[in-house]
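Have a look at the structure below, then the notes.
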Amino acid sequence: MIAGRAVRVRFAPSPTGSLHIGGAKTALFNWLFAHGEARRQGLTGTFILRVEDTDRNRLVPGAEEGLRDALRWLGLIWDEGPDVGGPAEPYRQSERTETYLAAAEDLIAGGHAYRCYCTRDRLERVRTEQQARGEAPGYDRHCRALPPEERAAQEAAGLPSVVRFATPRDGETVVRDMIRGPITYQNVNLEDLVLLKSDGYPTYHLANVVDDHEMDISHIMRGDEWIPTAPVHTLLYAALGWEMPAIAHLPLILAPGGGKLSKRHGSTAVEEFRTQGYLPEALLNYLALLGWSFDASTELFPPERLLESFTLARVSPSPATFDYAKLRWFNQQYINHVISVDDLAGRVLPFLSGAGLVPDGPADASHPAFGQVRELSALLKDRLETLADAPEHMRFFLVDELDPYDPALLVPKKVEPLDALAALEAAGTALAGADLADEAGTEVKMRALADELGLKAGQLFMAIRVATTGRTQSPGLFATLRAIGPERVGERMARAVDALRRHGDEVVGADD
RNA sequence: GCCCCUAUAGUCUAGCGGCCCAGGACGUCACCCUUUCAAGGUGAAGAUCGCGGGUUCGAAUCCCGCUGGGGGUACCA
């Protein structure tokens, strides 16, 4: 499948913002190809991070750092890159400008490129005229055939210029995409793309070709949106006399309503998913299955399993719609069934401290509240879809005093407020004398009490649940009571009795 | 407009000529379990395999056209 040589792939984002979920997917597939598929075949598989910062206008300070943080959080660790270095340094394009310049000069010398002195105004004018005439917009190659003396005059005038690729005017170019097979282009339809901008920085077209060659990239795996420029890149390799890496265009992620995924639909940045309590494993798993499948039924692929299973051959060519609901399901699967309770507790801690429910501290077993949070994690893991759900679910265990009760909730359906009051008083007394650590024993006692009071067990349990948690939903009542602890259970039962005594009359007739 | 990619249920997908009047998953609905909420279990609804032509004894699977969706058309990547 893979040619028998070292596999070197790269993820090449530009530092113009945070890591987009689509970029994360591209990075993931590159990483899986190098660290998974290639290495499984006994080849060296190298995953390279290259920063494409050639657009000086769109540069965002700190973006590169953010990109790296996001990749690291996902566990997509690169072997070579701007921070770790490597045999092909530097890995930041802004630090490689001489290389591009040299390549551009080579191309000009070989007749494959030319300097273009057209102003933006002229380009603009040409475009509008073309459109008015119903022609395809594009550069009219005005400077391609400039007479030598005119060219010399432009040079002498010291006007700013760009370098354009002299695209062959006839013939056809075939791009052999590993996922979709050959794609044939008529060269007439191809443009004389700008290679070097007037500020001296290269465009993507030049930089990516030069760098992929210099960095000995074996396989280009990039987003689908690059397909239209692939023939020009192919021609560039030929003009430079270089062998082109194998190439694959990965399917794009679409928004639920169609089109590009944007803020309007929900989160799009990896960082947002992180703060919303998604696990990197779940995000990776979901992303992997957006365009790749292993067989007809396997869904759960933790990172190690992805590395064992991924093959480029099973990547689909068609774009896929992002489904937030399914991502949530994956996240829940990991929280509920995949990661350990200790692991979960560690991951939940930052969210709890963020909500002020536990002190700040290390997100591991050395945190002073770890023991308690671990216990709560075991109790609640089946109920968490995201880590960010934890504060809400764990709040009543961690806080000293509950918010004021809604007295109506303390009165079970079809029970008179006065009877409910009596029941709560009796339950409070019984619980005070019970060993809450003995969940089964407590349950036996409470069931007996319900009988005595002429209530269904569920009715009594709900009243106690509301009294001790302030909510109508909780884990199993007796595990909950145990986790709350005898002291707080006692206080809360007393407060509930008090609340019902003071407001009970307001509840009369309100429950049916 | 032009160039290109793509097309199985609302969504992600399996399928690479007969095993498919199409399998799995999310979502939806019902039931079971049950002290609530979850989790779990069982089941149901949901696809004339976008449409129309071919090829073939036989097509979701191969070919052509159309249509829908998407991308590109910058001195942005």
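The first sequence begins at 3 in the numbering used here and counts up by one.
Where is the CB? At the ideal position from N, CA and C, for every residue including glycine.
Strictly by DSSP, which residues pair up with residue i?
i, result
"threonine 186", "Val176"
"glutamate 82", "Ile50"
"cysteine 118", "Val164"
"methionine 223", "Ala250"
"tryptophan 33", "Tryptophan 33 is not bridged to any residue."
"proline 204", "Leu198"
"histidine 22", "Ala271"
"phenylalanine 13", "Leu51"
"lysine 262", "Leu256"
"arginine 94", "Val53"
Mind checking residue i: buried by the 16 CB within 10 Å criterion, or exposed?
i, result
"histidine 221", "buried"
"isoleucine 486", "buried"
"lysine 383", "buried"
"tyrosine 336", "buried"
"proline 2", "As displayed, the chain neither begins before 3 nor continues past 514, which places residue 2 out of reach and without an answer."
"aspartate 440", "exposed"
"asparagine 191", "exposed"
"glutamine 334", "buried"
"proline 361", "exposed"
"aspartate 172", "exposed"
"glycine 112", "exposed"
"serine 476", "buried"
"tyrosine 326", "exposed"
"aspartate 213", "buried"
"glycine 279", "buried"
"leucine 161", "exposed"
"serine 368", "exposed"
"glutamate 54", "buried"
"glutamate 157", "exposed"
Using a Cβ-Cβ cutoff of less than 7 Å, which residues in the same chain neighbour residue i once the five nearest sequence positions on both sides are dropped?
i, result
"phenylalanine 332", "Ala284, Asn287, Tyr288"
"methionine 180", "Ala248, Ile249, Ala250, Leu314"
"proline 305", "Gly77, Glu283, Leu286"
"tryptophan 228", "His251"
Do residue j and residue i count as a contact pair if the criterion is CB distance below 9 Å?
i, j, result
"proline 39", "leucine 314", "A small correction: the amino acid at residue 39 is glutamate; proline does not occupy that position in the sequence shown. Cβ atoms of glutamate 39 and leucine 314: closer than 9 Å."
"leucine 78", "tryptophan 33", "yes"
"alanine 481", "leucine 426", "no"
"phenylalanine 31", "aspartate 81", "no"
"leucine 51", "glycine 83", "yes"
"threonine 323", "proline 258", "yes"
"leucine 438", "methionine 448", "no"
"leucine 329", "phenylalanine 275", "yes"
"alanine 72", "alanine 26", "yes"
"glycine 430", "glycine 492", "yes"
"histidine 267", "tyrosine 239", "no"
"valine 340", "leucine 389", "no"
"leucine 1", "histidine 22", "The structure shown does not extend to residue 1, since the chain is modelled only from 3 through 514, so no value can be given for it."
"threonine 169", "leucine 237", "yes"
"aspartate 402", "glycine 472", "no"
Going by C-alpha to C-alpha distance, which of the options sits closest to residue i?
i, options, result
"tyrosine 116", "Arg122, Arg127, Leu103", "Leu103"
"threonine 56", "Ser96, His37, Gly356", "Ser96"
"cysteine 145", "Phe399, Arg124, Tyr93", "Arg124"
"glutamate 174", "Tyr280, Val234, Lys447", "Val234"
"glycine 183", "Leu252, Ala432, Glu216", "Leu252"
"proline 534", "Gly363, Met396, Glu66", "The structure shown does not extend to residue 534, since the chain is modelled only from 3 through 514, so no value can be given for it."
"histidine 114", "Val196, Gln374, Cys120", "Val196"
"serine 163", "Cys120, Asp402, Ala209", "Cys120"
"arginine 60", "Gly19, Thr99, Trp75", "Gly19"
"proline 319", "Met223, His37, Thr471", "Met223"
"leucine 109", "Arg166, Val491, Ala442, Lys265", "Arg166"
"alanine 106", "Ala241, His369, Glu387", "Ala241"
"alanine 8", "Pro17, Leu21, His37, His22", "His37"
"alanine 498", "Tyr407, Val417, Ala155, Pro488", "Tyr407"
"alanine 298", "Arg316, Arg307, Leu309", "Arg316"
"glycine 261", "Pro321, Leu411, Gly225", "Pro321"
"arginine 122", "Ala134, Ala159, Trp75, Lys199", "Lys199"
Spatial neighbours of residue i within its chain, please: C-beta separation below 6 Å, excluding the five flanking residues on both sides.
i, result
"proline 414", "Gln461, Met464, Ala465"
"glycine 140", "Glu193"
"alanine 357", "Pro393"
"serine 311", "Phe296"
"arginine 10", "Thr48, Asp218, Ile219, Ser220"
"glycine 24", "Ile255"
"tyrosine 93", "Arg52, Gly83, Pro84"
Given residue i, which residues of its chain have a CB within under 8 Å of its CB, disregarding the five upstream and five downstream residues?
i, result
"phenylalanine 372", "Ala347, Gly348, Leu351, Asp366"
"tyrosine 187", "Glu174, Thr175, Val176, Val177, Pro233"
"leucine 455", "Asp421, Ala424, Ala425, Ala428, Leu462"
"glutamate 377", "Ala485"
Any heavy atom of the ligand NAD closer than 8 Å to the beta-carbon of residue i?
i, result
"proline 406", "The ligand NAD is not part of the structure shown, which contains no ligands of any sort."
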